[in-house]
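Working notes for the structure below.
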Amino acid sequence: MKRAALILTLLGAANLFAAEPAKTMTTQTNQTELATLGGGCFWCLEAVFQMLPGVKSVTSGYAGGTKDHPTYREVCSGNTGHAEVIQVAFDPAKTSYEKILETFWEVHDPTTLNYQGHDHGTQYRSIILYHSDAQKLTAEKSKAAAQKELSKPIVTEIVPLKKFFPAEDYHQNYFREHPEEGYCQIVIRPKVEKFEKKLKTAPR
837 MKRAALILTL LGAANLFAAE PAKTMTTQTN QTELATLGGG CFWCLEAVFQ
887 MLPGVKSVTS GYAGGTKDHP TYREVCSGNT GHAEVIQVAF DPAKTSYEKI
937 LETFWEVHDP TTLNYQGHDH GTQYRSIILY HSDAQKLTAE KSKAAAQKEL
987 SKPIVTEIVP LKKFFPAEDY HQNYFREHPE EGYCQIVIRP KVEKFEKKLK
1037 TAPR
């Protein structure tokens, strides 16, 4: 809960938490598909997936819970059942759902239950929320393949997406807008730099 406590302290003004989230992105076109994933801090996943070729946009938000339009404070309480997630809009002509999932397994630890690093709580659980039966099958196959590379069992949930709620505006593009903030320097930057090196050496 260290990160959550830090944010709630820095952003404790009540009006911040009262902000209305943007409308959920629900439509798809032939050029855009959606993937919704959670693997700890959504700032971390957002920063990495924004670098992935073929990704059009990444929105941090909440999913998998029981309350409509939850606030960050409510999600941090653990009482709404939501996970911190990202919703990735990508061009299937440039990347695939399989590639999105490959990156997902690489950039977080799917074997730790309800935490990543110092961030503890059910809101930090590893989760894939599929948008279709095809995505469900792909996610299950991808999970099985990832398990072969790991010595510990994967605890990632694979469940249907019911509703996605974008997080408050101050959570969006967090690493890009606050690169010098402590959490960004200590936790997110190493993940970004590691992934950046991989992209540079990946075959084109």
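If you want my numbering, it's the 1-based position in the sequence shown plus 836. The beta-carbon is built from N, C-alpha and C at its ideal position, and this holds for glycine as well. All figures in this text were calculated on a predicted structure; none of them were measured in a lab.
Residue 1001 - partner residues in DSSP beta bridges: 898
For residue 903, I'd like the list of residues in its chain whose CB is within less than 6 Å of its CB, leaving aside the five on either flank, ordered along the chain. Answer for residue 903: 916, listed in chain order.
Going by other Cβ atoms of all chains shown within 10 Å of its Cβ, with 16 needed for buried, is residue 930 buried or exposed? exposed
Cutoff 7 Å; reference residue 1024; Cβ partners in own chain excluding five residues on either side: 879, 880, 883, 1011
For residue 863, collect the residues of the same chain with a Cβ closer than 8 Å to its Cβ; drop the 5 residues on either side in sequence, then sort them by chain order. Low per-residue confidence applies at residue 863: pLDDT is 44, beneath 50, and the placement is therefore not dependable enough to give any value.
Would you list, in sequence order, the uninterrupted beta strand (DSSP E) runs of no fewer than 3 residues that lie entirely inside the segment 881-940? Whole beta strand (DSSP E) segments, 3+ residues: 891-899, 919-926.
Residues near residue 988 in its chain [Cβ-Cβ closer than 6 Å; skip 5 each side]: Taken in chain order, the residues that qualify are 947.
Assuming contact is defined by CB atoms lying nearer than 8 Å, are residue 959 and residue 914 in contact in what I supplied? yes
Does the Cβ of residue 1035 have 16 or more other Cβ atoms within 10 Å, making it buried, or fewer, making it exposed? exposed
Whose C-alpha, out of 935, 908, 944, is nearest the C-alpha of residue 891? 935
When you compare each of 927, 937, 952, 964 to residue 900 by their alpha carbons, which one comes out closest? The shortest Cα separation from residue 900 among 927, 937, 952, 964 belongs to 964.
Do residue 887 and residue 1001 count as a contact pair if the criterion is CB distance below 8 Å? no
Under 8 Å, do residue 908 and residue 974 count as touching if we go by C-beta distance? no
Applying the 10 Å Cβ sphere with the 16-neighbour rule, what's the burial state of residue 922? buried
Spatial neighbours of residue 1027 within its chain, please: C-beta separation below 8 Å, excluding the five flanking residues on both sides. 880, 883, 884, 943
Count the other CB atoms, across all protein chains shown, that sit within 10 Å of the CB of residue 1037; report buried if there are 16 or more and exposed otherwise. exposed
Delimiting residues of the beta strand (DSSP E) encompassing residue 966: 962-966
Assign residue 1021 to one of two classes, buried (16 or more other C-beta atoms within 10 Å of its C-beta) or exposed (fewer than that). Residue 1021 comes out exposed.
Just how far apart, CA to CA, sit residue 865 and residue 926? Legend: pLDDT at residue 865 = 49, less than 50; position of this residue unreliable, no value from coordinates given.
Got a sec? Which residues, its chain only, sit under 6 Å from residue 961 by beta carbon, not counting five neighbours each side? Here the set comprises 919, 950.
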